[in-house]
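Asker: Residue numbers (the UniProt record's numbering): 1 to 298.
Where a beta carbon is used, it is the ideal one built from N, C-alpha and C, also for glycine.
This one's a predicted model, so the numbers in the text were calculated from it and none came from an experiment.
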């Protein structure tokens, strides 16, 4: 409008809505912008649901004014003018919905159990440690009998058993704890979504070599600063695996399926079940009562 005989003026005014807008820019320009939050719930504490948030609406009025010159006098060939104004008003209402968050699904009680090495201490000479052939996994679960035992140490006094449970098999449409994909803390790393989708699956035409080159650079990337200890352990293990397979030029083989002696779970969640689970007399159905879904195998 600077080189035009017409001049325009704009003025935005908030007429309705809460007074919680931030970074309001452009109230006297054609374009208005602002930021506003609407979290899923009122709680900022872990494991406290709080009250679910409602929609938030804001109404703005735009007053647009234009000026153009009108002849005031033209006697003796000398023109004089004044600026004549016209104006109009319009409103716009913006509705901000709460941050979406699907309720999680807790793992079943059977899925809490972690077998460890599957060895417990049933008799006094059946110690579960490295010197007696065990792995010393501090988990007194016997996989064959599906029971935990108090360690037998030839002493009548109490000798506490170690039990280990996890909730990693819980599910959430917004992101799962143990879906076989990468730690969720790497989702904001550069190039992640050029390699993988929201479920952590490789995109079409992306090779495992490309994925590994991305993984081995993660330790030097600030984007993993928000990873917890378990996530960092998983990343470091993947870095080690990737360095080995890149050197051996066999990353497709390394990440191409379940290890020898195991078969892929039918649920598609990335779990690998022991081959012995087939035909063992236990029902490994879609409800994964024993940790696996093997219903797609005859």
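How do the segment 180–191 and the segment 215–228 stand: do at least 3 beta-carbon pairs fall below 8 Å, yes or no?
Answerer: Judged by Cβ distances under 8 Å, the segment 180–191 makes contact with the segment 215–228, as three or more pairs qualify.
Asker: Cα separation between residue 311 and residue 56?
Answerer: The chain is shown from 1 up to 298; residue 311 falls before or after that span and cannot be answered.
Asker: By the DSSP assignment, the alpha helix (DSSP H) with residue 234 in it spans what residues?
Answerer: Residue 234 -> alpha helix (DSSP H) spans 229–248.
Asker: Between the Cα of residue 19 and the Cα atoms of 37, 140, 221 and 211, which residue gives the shortest distance?
Answerer: Residue 19 has its Cα closest to that of 37, out of 37, 140, 221 and 211.
Asker: If you pair each beta-carbon of the segment 86–103 with each one of the segment 49–67, do three or more pairs fall below 8 Å?
Answerer: A contact exists between the segment 86–103 and the segment 49–67.
Asker: With H, G and I counted as helix, E and B as strand and the rest as coil, what does DSSP make of residue 179?
Answerer: The predicted model places residue 179 with a pLDDT of 46, which falls under 50 and marks its position as unreliable; any figure quoted below should be read in that light. DSSP places residue 179 in coil when its eight states are reduced to three.
Asker: Need the endpoints of the beta strand (DSSP E) that residue 90 sits in, please.
Answerer: 80–96 is the extent of the beta strand (DSSP E) around residue 90.
Asker: DSSP on residue 22, reduced to helix/strand/coil?
Answerer: In the structure shown, residue 22 sits in a strand (DSSP, three-state: E or B).
Asker: If you drop the 5 nearest sequence neighbours on each side, which residues of the same chain put their C-beta closer than 7 Å to that of residue 1?
Answerer: Note on residue 1: pLDDT 47, under 50, position unreliable in the model; the coordinate value appears next. Within the same chain, residue 1 has close Cβ partners 7 and 8.
Asker: Who are residue 109's beta bridge partners in DSSP?
Answerer: None; residue 109 has no bridge partner.
Asker: Put residue 1 into one of helix, strand or coil per three-state DSSP.
Answerer: At residue 1 the pLDDT is 47, less than 50, meaning the model places this residue with poor confidence; the figure from the coordinates comes in the next sentence. Three-state result, residue 1: coil.
Asker: To the nearest angstrom, report how far apart residue 53 and residue 35 are at their CA atoms.
Answerer: Residue 53 and residue 35: Cα-Cα distance of roughly 17 Å.
Asker: What separation, rounded to the nearest whole angstrom, lies between the Cα atoms of residue 203 and residue 104?
Answerer: Residue 203 and residue 104: Cα-Cα distance of roughly 26 Å.
Asker: What does DSSP give as the partner residues of residue 59 in its beta bridges?
Answerer: Bridge partners of residue 59: 16 and 93.
Asker: Taking C-alpha atoms, which residue in 157, 172, 248 and 171 lies nearest to residue 208?
Answerer: Cα-wise, what sits closest to residue 208 is 248.
Asker: Return the CA-CA distance between residue 140 and residue 113, expressed in angstroms with no decimal places.
Answerer: About 11 Å.
Asker: For residue 182, count neighbouring Cβ atoms within 10 angstroms of its own Cβ and tell me buried if that reaches 16, exposed if not.
Answerer: Under this definition residue 182 is a buried residue.
Asker: Would you list the residues sitting across from residue 69 in a DSSP beta bridge?
Answerer: In DSSP, residue 69 forms a bridge with 83.
Asker: Starting from residue 263, follow its DSSP beta bridges and name the residues at the other end.
Answerer: For residue 263, which the question treats as bridged, DSSP gives the partners 273.
Asker: Can you list, in chain order, the residues of its chain with a C-beta nearer than 7 Å to that of residue 258? Leave out the 5 residues immediately preceding and following it.
Answerer: So the qualifying residues of the chain are 264 and 272.
Asker: Tell me where the beta strand (DSSP E) around residue 34 begins and ends.
Answerer: Run containing residue 34: 33–35, per the beta strand (DSSP E) assignment.
Asker: Mind checking which residues open and close the alpha helix (DSSP H) that includes residue 205?
Answerer: No alpha helix (DSSP H) holds residue 205; DSSP gives it neither H nor E.
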